[in-house]
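Written below as structure tokens is the structure these notes are about.
There are 2 protein chains.
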Amino acid sequence: MPMFRSKIVDISTRSRLILLNVKDAERLGMTTHDRARLTKDERSAPAIVNTTETFVEPGDVGVFLDTAKELDVVEGDPVTVTLLPPQTSVQYIKKKMRGEKLANHEINNIIKDVVDRSLSEIEITAFIIAQQYHGMGMDEIEGLTRAMVEHGSTIDFQKPVFDKHSLGGIPGNKVSLLIVPIVAAAGLLIPKTSSRAITSPSGTADTMSTLAPVDFSATELKAIANKTNGAIIWGGSLNLAPADDIFIGVEYPLQMDPESQMLASIMAKKLAVGTDYLVLDLPVGREAKVETSEQARRISNQLIELGERLGVRTKCGITYGGQPVGYSVGPALEAKEALLALEGRGPTSLVEKSTALAGLLFELAGKAPRGKGQDFATEILTSGRALAKMREIIEAQGGDPRVKPDEMPIGEKKVQVNAPCDGYITRVSNRAITAIARAAGAPIEKGAGVVFYGKEGHKVKKDETILEIHAERETRLDEAYQMALKLKPITLEGMLLQEIPEL
Amino acid sequence: MPMFRSKIVDISTRSRLILLNVKDAERLGMTTHDRARLTKDERSAPAIVNTTETFVEPGDVGVFLDTAKELDVVEGDPVTVTLLPPQTSVQYIKKKMRGEKLANHEINNIIKDVVDRSLSEIEITAFIIAQQYHGMGMDEIEGLTRAMVEHGSTIDFQKPVFDKHSLGGIPGNKVSLLIVPIVAAAGLLIPKTSSRAITSPSGTADTMSTLAPVDFSATELKAIANKTNGAIIWGGSLNLAPADDIFIGVEYPLQMDPESQMLASIMAKKLAVGTDYLVLDLPVGREAKVETSEQARRISNQLIELGERLGVRTKCGITYGGQPVGYSVGPALEAKEALLALEGRGPTSLVEKSTALAGLLFELAGKAPRGKGQDFATEILTSGRALAKMREIIEAQGGDPRVKPDEMPIGEKKVQVNAPCDGYITRVSNRAITAIARAAGAPIEKGAGVVFYGKEGHKVKKDETILEIHAERETRLDEAYQMALKLKPITLEGMLLQEIPEL
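Encoded structure:
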């Protein structure tokens, strides 16, 4: 058994790695990307071999931080390194790459190894791309969902759980901040776990974080939900379907999002918190994740069938996603708009969308007859019960329940973009608004973002303000303003789109 | 400009990476896999962002060894880190993933970034898989080949260069050790750069290394070739079409080998040494890289067309690859068999194959009329001129020109595998022989390997030795023997293939 002296490499890595000197690797017949078993006393773990000419001397083995902790290895410890055959799961990934259908145990094996950090980014990328090219049948998607739940933590609330999820991609979509209190105010349990923005100006967790803390353990989440029936927290530290975060890591550089993986990831996160009733918001439109109604219907049908197989009663609401939701984009700006809507001062489009989706949940729950859910939701909203519930939730999460929308900390640096001519607004670009809000500092700088003074169909006059950019810092404001001039996020009928040659 | 204090991370990485503390990354709006520009004084380089919670403190940036050298950064140096837009080449990779044809400048951009270490393994994997799924047209393959040559070193021998290449996959293929001296003895320049084994029991460079050193610079290679007309060296340190080695790195874990990339890689390595005339050996058969004659013909036609476009006159020889070449496998054993063949004591199959391929080169060169090349090659071989030339080459490379085949350092530990019954050999498995020879220690332990006492069609009697395994160490010998019992590398007509239940 080849013995090595451990050298701790104080870096966390996505895969379980060890570093060998090239000379040792050659002697052992190993090369980069081979698998080896690292053993200390009775404990051992498989790891992916990487080689170095300098960092690790012959006779030493570099053990990265997480693996060192796992095996209780400290600097200088003697360990053994032996070659392993290729991971079985790699064979299954290759099978999917050939376009074949995977059995449940094969999918389970892949997910186990993904979560266990036993697969390299190369192999995980291949699995995602194979899904992109070949797709998956419903049996496989079900197996993938169950495997993602199995290899992660779960939470059992011991009563029926309601939930809402949006497919995303539309800036300004703060509907969860209305739906959760509306539903909870009706006595239904809706412990919403949400995400932080990766490419958008504000994830639901970012928006809520301007009103209250959002980072809780499972026990804390249960306590909050038991008290108020509702919660809006960040799901990132709960280890729910953790394979999803790893997949997002490889999807991000290439902006891939294969449908089968998207469906499984959505449902796995929901199943992990024991969701019984689910409403899905599918925004459809130009520059949304889903661009055609046909595609939205297909995805809806798949989600409903997947839900049925998993025991999650699911309804899908197809909504208009061709422009931002409401009139504000960015964490604090969106929280402010949600509070205004809870106070009865919100824009019609936001209120309509929120009550429609909440209504679907009420119909699923039997709280309202079919077709009457939205009325029931609207009643709760207009009666002020949703606002009161939201203040309860904010307090339970450790925020200030007396928060006033007009006192939200909006970025004080601001600049207006005015209409270049008279006309009707024919387009507000999701992608351009996202870019501008992020350039202004969102979601990191909570007060940064964009406010609209008009949206599609509105008539504006030359030199009227159509957009206001907020930032916390002057440099960011300037960057965002330059971007707005370049991207022209709002189009007016009759507006000159480009001058040639450009001035 | 965000300023950081450099912390040198003494590890060589395949991509150019920097490590930021997650807090800093969040503050800068960066996430793992984003691109950032790292700048020290006037120098800067793009790098892929990775994040850590522990290894790098906020305010510090981890700079990996190669990048530190490139920018002349030492521990503690102040540097700036600014977010970059995604690499343009990633857009081109995505274009290929959608199945579209790439323009030459797009391919060139991808290869530049691959060699420049500006792409992550995720992105490079996607490029290889996209080729696997969508293939490439000849225009793209030509562009890919030229780009691979452009982004690497080249050698100009200033006279016509002859070369031979084998598609590989067949253990025991030591024909280069006969072809190079035969061709060089006829006065043609054949400076062969070869590879070390990755998955085989012995690459040509491994085999030659048992006779002479094989690691030379371009200047040394030119000096050797000018003196003797021939050389057999390891191409690995010459930086010829270096993108190939990077692609091999991501192909290896999934055993991918898309045809377009294979064709471009072969030709790029040849073009980089200025090859004018090329003979390609395409072994066809069970468990070879190419399994059907149809596939071999298609690949041949593509290679010939690609050669024409690049100014490399190319002939392809389709050879039998359904079993190992000759009667020995493993570095020293193969070198011994090649020397025996040069002395006129080699097996017919090896001599036939070598002279046939050398003959094709002579026909290309106009040294022999069409159909007479092999006779010309055989004459050089039987006259002893090839042996004399090989001794010259060995000497020029710093080996002992008086080396005797019977004195080669063959592994002294050995074990015989005997025929389990009377019968004709119906099959010798390439894959099983490769596994056994590698288990015995090849190619790292030069004396390890396998010797056959019979091949397909031979008649053997029960208990006659059909295979001998050599190793340098007892433990390795035992491992290889156990593997031979399990894999049954040689099949006899009438032999019991499996007993059920297994004993």
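Those protein sequences? They're chains A and B, same order as listed. For the first sequence, the numbering used here begins at 4 and goes up steadily by one. For the second sequence, the numbering used here begins at 4 and goes up steadily by one. Every residue, glycine too, gets a C-beta built ideally from N, C-alpha and C. Bear in mind that the values here come from a model prediction, so they are computed numbers and not experimental data.
Quick check on the DSSP output: the beta strand (DSSP E) that includes residue i runs from which residue to which?
| i | result |
| --- | --- |
| B:A246 | Per DSSP, B:A246 belongs to no beta strand (DSSP E); it is in the alpha helix (DSSP H), A246 to L257. |
| A:R46 | R46 to T55 |
| A:I173 | Note, A:I173: premise wrong, no beta strand (DSSP E); not H, not E. |
| A:T486 | According to the sequence shown, residue 486 of chain A is Met rather than Thr. Run containing A:M486: none in the beta strand (DSSP E); it sits in the alpha helix (DSSP H), E477 to L490. |
| B:K195 | I193 to S197 |
| B:I110 | Note, B:I110: premise wrong, no beta strand (DSSP E); alpha helix (DSSP H) at N107 to V118. |
| B:V59 | Unbroken run through B:V59: none, as it is neither H nor E. |
| A:T128 | Where A:T128 is concerned, there is no enclosing beta strand (DSSP E), although the alpha helix (DSSP H) it sits in stretches over E124 to H137. |
| A:I493 | I493 to L495 |
| B:T437 | Unbroken run through B:T437 is the alpha helix (DSSP H), N433 to A442; no beta strand (DSSP E). |
Just curious, the alpha helix (DSSP H) that residue i is in, first and last residue?
| i | result |
| --- | --- |
| A:E410 | No alpha helix (DSSP H) contains A:E410, which DSSP labels as neither H nor E. |
| B:M265 | E262 to A275 |
| B:S357 | T351 to A368 |
| A:S15 | Premise fails: A:S15 is in no alpha helix (DSSP H) and is neither H nor E. |
| A:A31 | Strictly speaking, residue 31 of chain A in this sequence is Leu, with Ala absent from that position. Element bounds for A:L31: n/a, residue is neither H nor E. |
| A:P327 | Premise fails: A:P327 is in no alpha helix (DSSP H) and is neither H nor E. |
| B:R373 | Premise fails: B:R373 is in no alpha helix (DSSP H) and is neither H nor E. |
| A:R394 | R388 to A399 |
Per DSSP, which one or two residues make a beta bridge with residue i?
| i | result |
| --- | --- |
| B:Q419 | B:E471 |
| B:L241 | Looking at the DSSP assignment, B:L241 forms no beta bridge with any residue, so it has no partner. |
| A:M100 | DSSP, once it has assigned bridges, lists no residue as partnering A:M100. |
| B:C319 | B:L283 |
| A:R300 | Note: A:R300 sits in no beta bridge, so no partner. |
| A:N229 | A:N229 is not bridged to any residue. |
| B:Y427 | B:K462 |
| B:L343 | Paired residue(s): none; B:L343 is not in a bridge. |
| B:G452 | B:H473 |
| A:V186 | Bridge partners of A:V186: none, in fact. |
| B:F165 | B:Y280 |
| B:M6 | B:T83 |
| A:D218 | A:W237 |
| A:T42 | A:S47 and A:T83 |
| B:S156 | B:L243 |
From the options, pick the residue whose C-alpha is nearest to that of residue i; which is it?
| i | options | result |
| --- | --- | --- |
| A:L283 | A:I227, A:S205, A:E297 and A:Q305 | A:Q305 |
| B:A391 | B:L345, B:A361, B:Y427 and B:S179 | B:L345 |
| B:P89 | B:K104, B:E126 and B:E103 | B:E126 |
| B:N24 | B:E60, B:I436, B:N229 and B:P492 | B:E60 |
| A:Y330 | A:K465, A:P286, A:R316 and A:G349 | A:G349 |
| A:T210 | A:K225, A:P412, A:L309 and A:G314 | A:P412 |
| B:R316 | B:G401, B:T494, B:R479 and B:K273 | B:K273 |
| A:K230 | A:A399, A:G102 and A:K195 | A:A399 |
| B:I132 | B:S268, B:E262, B:A422 and B:T83 | B:E262 |
| A:A28 | A:M265, A:G314, A:V52 and A:R388 | A:V52 |
| A:L243 | A:P334, A:D260, A:R149 and A:T385 | A:R149 |
| A:K104 | A:D37, A:I235, A:E143 and A:A442 | A:E143 |
| A:I110 | A:G288, A:S47 and A:A267 | A:A267 |
Against residue i, what residues of chain B qualify as contacts under a CB-to-CB distance less than 7 Å, listed in chain order?
| i | result |
| --- | --- |
| A:Y136 | Y136 |
| A:E29 | I447 |
| A:K97 | L257 |
Mind listing the chain A neighbours of residue i? Cutoff is C-beta to C-beta under 8 Å, in chain order.
| i | result |
| --- | --- |
| B:I509 | In this structure chain B extends from 4 to 506, so residue 509 of chain B is not present and cannot be described. |
| B:R441 | G32 |
Report the neighbours of residue i on chain A: residues whose CB is nearer than 7 Å to its CB, in chain order.
| i | result |
| --- | --- |
| B:K177 | Ordered by position in chain A, no residue passes the 7 Å Cβ test against B:K177, which lies about 21 Å from the chain. |
| B:G310 | Simply none; closest approach about 30 Å. |
| B:I132 | A129 and I132 |
Determine the chain B residues that contact residue i at a beta-carbon separation under 9 Å, and present them in chain order.
| i | result |
| --- | --- |
| A:T57 | D13, I14, S15 and L68 |
For residue i, go through chain B and note every residue whose CB falls closer than 8 Å to its CB, in chain order.
| i | result |
| --- | --- |
| A:T34 | I201 and Y255 |
| A:V93 | P256 and L257 |
request  = Give a yes or no on contact between the region 153–169 of chain B and the region 111–122 of chain B, applying the rule of three or more CB pairs nearer than 8 Å.
outcome  = yes
key: the region 336–343 of chain A / the region 362–369 of chain A touching (three or more Cβ pairs under 8 Å)   = no
ask   = Does the region 97–115 of chain A come close enough to the region 36–46 of chain A that 3 or more CB-CB pairs lie under 8 Å?
value = no
ask   = Taking three-plus beta-carbon pairs below 8 Å as touching, is the region 160–167 of chain A in contact with the region 132–140 of chain A?
value = no
query = Does the region 427–440 of chain A come close enough to the region 173–188 of chain A to have 3 or more Cβ pairs within less than 8 Å?
reply = In the pairwise beta carbon analysis, the region 427–440 of chain A is classified as touching the region 173–188 of chain A: at least three pairs are separated by under 8 Å.
inquiry  = Three Cβ pairs or more, each shorter than 8 Å: is that satisfied between the region 211–226 of chain B and the region 254–261 of chain B?
reply    = no
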